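Residue numbers (my numbering): 6 to 310.
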Amino acid sequence: MGVMIDGRYRAEDPGVGTNERGEFEREASTIRDWITTDGPFRPEPGRYHLYVAWNCPWAHRSLLTRAILGLEDAITVSYARPRRTADGWVYDAEGPFADPCLGVSALHEVYARQKPGYTGRLTVPVLWDRETEQIVSNESADIVRMLSAFGRGPDLYPEDLRDEIDRWNGLIYPGLNNGVYRAGFAETQEAYDKAVREVFDTLDLIEAQLGSTDFLTGERFTEADLRLFPTLARFDVAYHYAFKCNIRRILDYPRLWLYARRVYRMPGVMRTVDFEIYKRGYFSPSEKRNPLGIVPAGPLIDWSH
Ligand SMILES: N[C@@H](CCC(=O)N[C@@H](CS)C(=O)NCC(=O)O)C(=O)O
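Encoded structure:
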């Protein structure tokens with residue numbers, strides 16, 4: 006997949022990152038500047054570009070924010086080819102997986118322009134600044150929040166709900182968003198058992214909450230819902246099977262399934278979703294999980310009503 010050390014690309018596979026107990030540990034993002042009205046990164050339409058991959062749930066957060074805040078005309082996007090290669094995330098010379106911003110053929114070329122020399126994983130999403138020619142951030146949680154500086158669309162992090170939003174984010178990130186990866190990348194039975202139990206405990210908790218409200222923190226769609234949705238959208242087509250999160254499907258939770266389709270039908274959201282690409286991405290060849298890279302035909306799930 007490749008990593009970057011002191012600004013230089015090394016074509017060696019860093020592995021998924023498991024500890025001595027076989028538990029997956031996600032590395033923290035390290036490029037964490039911020040768009041603010043005071044600058045130096047000001048909220049100016051046409052200035053920023055997002056490097057994403059359709060199948061990545063963290064990148065999906067940034068695409069959802071861009072769509073929901075009405076920033077599709079203000080921030081441009083490059084979609085990497087859905088299957089990562091030995092060279093990491095790559096781009097075609099033309100077509101839907103080309104890079105209209107810098108014309109790179111691999112994401113590591115974007116990281117290579119970062120000053121001073123970057124050391125770390127080569128992840129999407131990346132928020133690129135055309136003006137200063139550098140990466141503003143490679144942390145999706147920050148990107149979601151900083152896009153509010155453009156002053157468009159609904160407030161996704163309203164003052165009066167911040168404690169509740171933070172509380173849900175604090176449960177959903179470890180238990181579910183990253184929990185499915187902890188189950189899928191586990192390298193011991195114990196690590197898998199623990200992770201999969203937490204995934205379904207978190208889903209049960211959300212199902213109970215949705216009995217009394219339309220969205221996680223009440224009647225308004227907030228950042229907590231935005232961060233939950235990418236995992237729900239991938240669950241039945243990918244995590245259920247590819248990551249062995251198969252105790253239940255989202256379809257089996259009456260309220261969660263209603264809720265997932267409610268969010269899916271919100272203006273702009275559908276444009277950020279591609280179930281076929283999720284399948285191709287999560288079932289791409291992997292020595293440990295899917296050595297032959299065969300993509301299953303199903304399941305066929307109707308999200309339209
Ligand atoms: N903390 C990051 C995590 C992003 C992340 O892990 N992205 C994955 C794709 S789903 C990636 O690009 N992985 C490449 C690698 O780790 O080599 C964020 O939320 O922005």
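All C-beta atoms in this analysis are idealised placements derived from N, C-alpha and C, irrespective of residue type, glycine included. For clarity, every value in this text was computed on a predicted model and none was experimentally measured.
The alpha carbon of Gln139 has as its nearest neighbour, out of Ala146, Lys120, Ser153 and Arg157, the alpha carbon of Lys120.
Distances from the alpha-carbon of Gly298 to those of Asp230, Asp241, Thr90 and Leu74 put Thr90 closest. In the three-state scheme derived from DSSP, where H, G and I count as helix and E and B as strand, Ala79 is classed as coil. Taking 8 Å as the upper bound for CB-CB distance, Leu263 and Glu212 are not in contact here, some 10 Å apart.
Residue Arg285 holds the alpha-carbon nearest to the alpha-carbon of Asn60 among Arg285, Asn174 and Asp307. C-alpha of Cys106 to C-alpha of Thr81: approximately 8 Å in a straight line.
Under the three-pair Cβ rule at 8 Å, the region 239-259 does not count as touching the region 16-26. Separation of the CB atoms of Tyr258 and Leu208 is rounded to 6 Å, and the pair is thereby assigned contact status at 8 Å.
Contact between Leu233 and Leu221 holds, with the beta-carbon distance rounding to 7 Å and staying under 8 Å. Take Leu74, set aside five residues on each side of it, and the residues of its chain with a beta-carbon closer than 8 Å to its own are Leu152, Ser153, Phe155, Arg157, Gly158, Pro159 and Leu161, in chain order. When only Cα atoms are considered, Ser110 and Ser83 end up about 11 Å apart. Contact annotation: the region 186-194 does not touch the region 214-231, with fewer than three C-beta pairs closer than 8 Å.
Ile148 places its beta carbon less than 8 Å from that of Leu132. Short of 8 Å from the beta carbon of Arg66, and not among the five residues preceding or following it, lie these beta carbons of its own chain, in chain order: Pro130, Ser145, Ala146, Ile148, Val149, Leu231, Arg232 and Pro235. Exclusion of Val242 from the 7 Å shell around ligand 1 follows from its C-beta lying no nearer than that to any non-hydrogen atom of the ligand.
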